[in-house]
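Working notes for the structure below.
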Amino acid sequence: MADKVNPYEEMKKMVDKAGKTLGLEPGLVEVMKSPKRELSVNFPVKMDDGKVRVFTGYRVQHNEARGPFKGGIRFHPQVDIDEVRALASWMTWKTAVVDIPYGGAKGGVVADPKQMSVGEIERMTRRYASEIGIIIGPMKDIPAPDVNTSGREMAWIMDTYSMQQGFSCPGVITGKPREIGGSLGRPEATSRGLVFTVREAAKKIGMNLKGATVAIQGYGNVGAFAHKLIERDFGASVIAVSDSQGGIVSEKPLKYEEVWAHKKKTGSVKGFPGTKQIANEELLELKVDVLLPCALENVITKENAGGIKAKMLGEGANGPTTFEADAILAKNGVLVLPDILANAGGVTVSYFEWVQNNYNFYWTETEVNTKLDQIITRAFHEVWDMHEKYKCNMRDAAYLVAVKRVADATKLRGFYP
Ligand code: GLU
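Residues in the sequence shown are numbered from 190 upward in steps of one, following the numbering used here.
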């Protein structure tokens, strides 16, 4: 990661660009670029050795013109306020692209849960939940999982919030385990949405996904399930994967079941039998049909974008491509499926989970997946049409769709007082 890019500044450039194309009033664009509310908290946690450690966390509520704030919580040493601002605003644009009735928010704690015990993670999660409890709520702001958080943390947050309210509040958070109000299909939803967008894009450019080669950067929840679904449902050949410890490449397709079992046993995809070791950087530049970055921001930069040989790049991660890299990819004819469209499956099924919680009636997995397919496919085609109409790349087109929806909502509501 040679160039230090500030993702919040990157987001603002995208909104400015869309605002200009749409001919929006500068004041309105300014409103849409600015996070509405930012909470930063420093809180103590008793560690296993008996010592107290102070953690820093954030919850940024970017925009609620179209509905309650919505967005995940991540635990990572790289978390800082500008990253959380960017992630919060991307949620605003993401929920607008797929047209679900939410705004955007995000939370983060500066921590490395891989170096902490389960007990320490639980105490940190509960105390953070309690600190942000003053601004979240089922009708106000609904968190969800993100990097290094999953159903386990969502259950603790739901419980902590409910204890403080005095009654059970499943609708305060999504991505919960099914036993306590989670939705069927939520764990795979981000990846399922990603492969649906890849499927639609492949049809547009005449790419046959059966036997198409795929490289996946990041093997957490999103990357691993993307491997499973693209192999099982489309017969694509995943030939390289990586995680934070390193990567592997193989002549023969890598089987999801086997790689996942290896990762569960050893903690990494590294060292999977019959494969060659590969650095993350090399994986990005492999000659494959589809490249799926599914980890963190700023992995495709102006330094390496020129070396990308994939025909299609589907962003499972948030913000993997910098503004400058995007221009290089567009020039080289790489079809980029932007994060705010390509990874919106997660928040879409979060929306379904919240709807189910609020009316206390639960859907089958087929209902969830069918509705997800409808929403993602419709959004893909709306963005594609915009891309043709304005002769712009898919990211610009997605921002045009999203920014227009948020601008329209803002104008209709007007400014208080
Ligand atoms: N963290 C996920 C995202 O970035 C999911 C957010 C949600 O479900 O609210 O889209």
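The beta-carbon is built from N, C-alpha and C at its ideal position, and this holds for glycine as well.
Taking 7 Å as the cut-off, does the CB of residue i come closer than this to any heavy atom belonging to ligand 1?
i	result
Val387	no
Gly364	yes
Asp301	no
Asp335	yes
Gly505	no
Ser165	Absent from the structure is residue 165, since the part of the chain shown begins at 190 and ends at 606.
Lys259	yes
Lys283	yes
Ser539	yes
Val592	no
Asn532	yes
Gly535	yes
Looking only at its own chain, which residues have a Cβ that is under 7 Å from the Cβ of residue i, when we skip the five neighbours before and after it?
i	result
Pro366	Gly340, Ala344
Asn546	Pro359, Gly360, Gly370
Lys593	Leu211
Lys222	Lys201, Val204
Lys393	Trp573
Trp449	Ala413
Gly208	Val218, Val592
Ile362	Ile331, Pro332, Ala333, Met343, Ile346, Met347
Leu213	Ala596
One question on the structure: do residue i and residue j come within less than 8 Å of each other, judged by their Cβ atoms?
i	j	result
Val194	Asn487	yes
Ile428	Leu443	yes
Ala318	Phe264	no
Gln406	Pro482	yes
Leu398	Gly534	no
Thr510	Glu389	no
Lys235	Arg312	yes
Asp562	Phe385	yes
Val273	Gly296	yes
Phe258	Gly292	yes
Lys500	Leu524	yes
Asn469	Ser431	yes
Leu480	Ala404	yes
Gly374	Glu554	yes
Gly261	Asp335	yes
Pro302	Asn337	yes
Tyr445	Glu420	yes
Val590	Glu571	yes
Val438	Lys476	no
Asp478	Met396	yes
Spatial neighbours of residue i within its chain, please: C-beta separation below 6 Å, excluding the five flanking residues on both sides.
i	result
Glu199	Phe512
Gly246	Val230, Val298, Tyr317
Asp271	Asn195, Tyr197
Lys459	Gln434, Gly435
Asn582	Ala519
Grab me the residues of residue i's own chain with a C-beta within less than 8 Å of its C-beta, minus the 5 sequence neighbours each way, in chain order.
i	result
Lys600	Leu217
Lys206	Asp585, Tyr588
Asn532	Lys283, Thr379, Gly382, Leu383, Val411, Glu504, Gly505, Ala506, Asn507
Glu309	Val234, Met236, Asp237
Gly424	Leu398, Lys399, Gly400
Met190	Because Met190 sits at a pLDDT of 42, beneath the cut-off of 50, its placement in the model cannot be relied upon, and the point is left open.
Pro266	Val299, Ala300, Asp301
Would you say residue i touches ligand 3, meaning its beta carbon is less than 7 Å from a heavy atom?
i	result
Glu214	Ligands displayed in this structure: ligand 1; ligand 3 is not among them.
Would you please verify whether the beta carbon of residue i is less than 8 Å from any beta carbon of chain C?
i	result
Gln250	In the structure shown, chain C cannot be found, because there is only a single protein chain.
Worksheet item: At which residue ranges does the segment 437-492 contain complete alpha helix (DSSP H) runs of 4 or more residues, listed in the order of the chain?
Response: As summarised for the segment 437-492, the continuous alpha helix (DSSP H) elements at least 4 residues long and confined to that stretch are 445-455, 469-473, given in chain order.
Practice prompt. Within the segment 286-339, note down every full alpha helix (DSSP H) run reaching 4 residues or more, in order along the chain.
Written response: You should have 307-321.
Fill in: At least three beta-carbon pairs within less than 8 Å, the segment 277-292 to the segment 529-541
Yes: the two stretches touch, three or more of their Cβ pairs being nearer than 8 Å.
Worksheet item: Are at least three pairs of beta-carbons, each pair with one atom in the segment 320-327 and one in the segment 585-600, less than 8 Å apart?
Response: A contact is defined here as three or more CB-CB pairs under 8 Å, and the segment 320-327 fails this definition with respect to the segment 585-600.
Practice prompt. Take every Cβ of the segment 488-495, pair it with every Cβ of the segment 513-526, and state whether three or more of those distances are shorter than 8 Å.
Written response: Three or more beta-carbon pairs drawn from the segment 488-495 and the segment 513-526 are found closer than 8 Å, and the two stretches are therefore classed as touching.
Worksheet item: Contact between the segment 276-284 and the segment 237-253: three or more CB pairs below 8 Å?
Response: Taking one beta carbon from each stretch, the segment 276-284 and the segment 237-253 have 3 or more pairs nearer than 8 Å; the two touch.
Fill in: Continuous beta strand (DSSP E) assignments of at least 3 residues falling wholly in the segment 342-426
For the segment 342-426, whole beta strand (DSSP E) runs of length 3 or above, ordered along the chain, are 402-406.
Item to complete: Entirely within the segment 499-534 and at least 4 residues each: give me those alpha helix (DSSP H) ranges in chain order.
Response: Here the runs fully enclosed are 512-520, 528-531.
Worksheet item: Enumerated in chain order, which unbroken segments of the beta strand (DSSP E) with a length of 3 residues or greater are wholly contained in the segment 212-265?
Response: Along the segment 212-265, the beta strand (DSSP E) occurs as fully enclosed runs of 3 or more residues at 226-235, 241-252, 258-264, listed in sequence order.
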